[in-house]
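Data block below; observations after.
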Amino acid sequence: MTAQAPTATPDTKTKPAIDLELLVASDEDLATPYRVIIENDDVTPMDFVVAILVTIFQLTADQAAGVMFEAHHTGHALVVVLPLQEAQNRVYAAHTAARESGFPLSFYLEPDV
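Residue numbers (the numbering used here): 14 to 126.
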């Protein structure tokens, strides 16, 4: 009787795709303030949105609830204005946390002009 070696099976879990847009920015662009905008969706729970706004964007619970409700009612809301690099880092962290939890929570940036 010969022992049969166990066979490896491929990992069937797939991670959701994260759409990353790489920006090439000058020093001037990095210093320009950018608006972080949250977009409403019908899937992400409100308490999760508030938690992200508090932990990643450092809003108070009351501020986070206000931003979340504005996005819920109007489709989007201003979260915070930050230098480009910091805004990109926080949006990346928020998107990563949301995707790891299975939610489509989305933010985008626009120049604060």
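In this text, a Cβ means the ideal position worked out from N, Cα and C, and glycines have one as well.
Since this is a predicted model, take the numbers as computed values, not measurements.
Sorted by chain position, which residues of the same chain lie with C-beta nearer than 6 Å to ASP54's C-beta, five sequence neighbours on each side aside?
Here residue 54 corresponds to residue number 41 of the sequence shown, with the count starting at 1. Closer than 6 Å at the Cβ level, and outside the excluded window around ASP54, lie PRO117.
On the DSSP letters alone, give me the boundaries of the alpha helix (DSSP H) that LEU97 sits inside.
Translated into the one-based positions of the sequence shown, residue 97 becomes position 84. First-last of the alpha helix (DSSP H) with LEU97: 97-113.
Between which residues of its own chain and HIS85 is the CB-CB distance below 6 Å, once the five residues before and five after are set aside?
As a first step, residue 85 must be located in the sequence shown, where it is residue number 72. Cβ within range, chain order: ASN53.
Going by alpha carbons, who is nearest to ALA107 out of LEU91, PRO46, VAL62, MET81?
Counting from 1 along the sequence shown, the entry for residue 107 is found at position 94. Of LEU91, PRO46, VAL62, MET81, the residue nearest in Cα terms is VAL62.
Output the distance between the C-alpha atoms of ALA110 and ALA74, rounded to the nearest integer angstrom.
Numbered from its first residue, the sequence shown carries residue 110 at position 97. Numbered from its first residue, the sequence shown carries residue 74 at position 61. Rounded to the nearest angstrom, the two C-alpha atoms are 18 Å apart.
I'd like to check one pair, ALA77 with GLU83: are the Cβ atoms closer than 8 Å?
Here residue 83 corresponds to residue number 70 of the sequence shown, with the count starting at 1. Here residue 77 corresponds to residue number 64 of the sequence shown, with the count starting at 1. No, Cβ-Cβ distance for GLU83 and ALA77 is not below 8 Å.
Which residue comes first and which comes last in the beta strand (DSSP E) that contains PHE120?
Reading the sequence shown from its first residue, position 107 is the one you call residue 120. Start and end: 119-124.
Take the Cβ of VAL94 as the centre, count every other Cβ of all protein chains shown within 10 Å, and call the residue buried at 16 or more, exposed below.
Within the sequence shown, numbered from 1, the residue matching residue 94 stands at position 81. Exposed is the call here.
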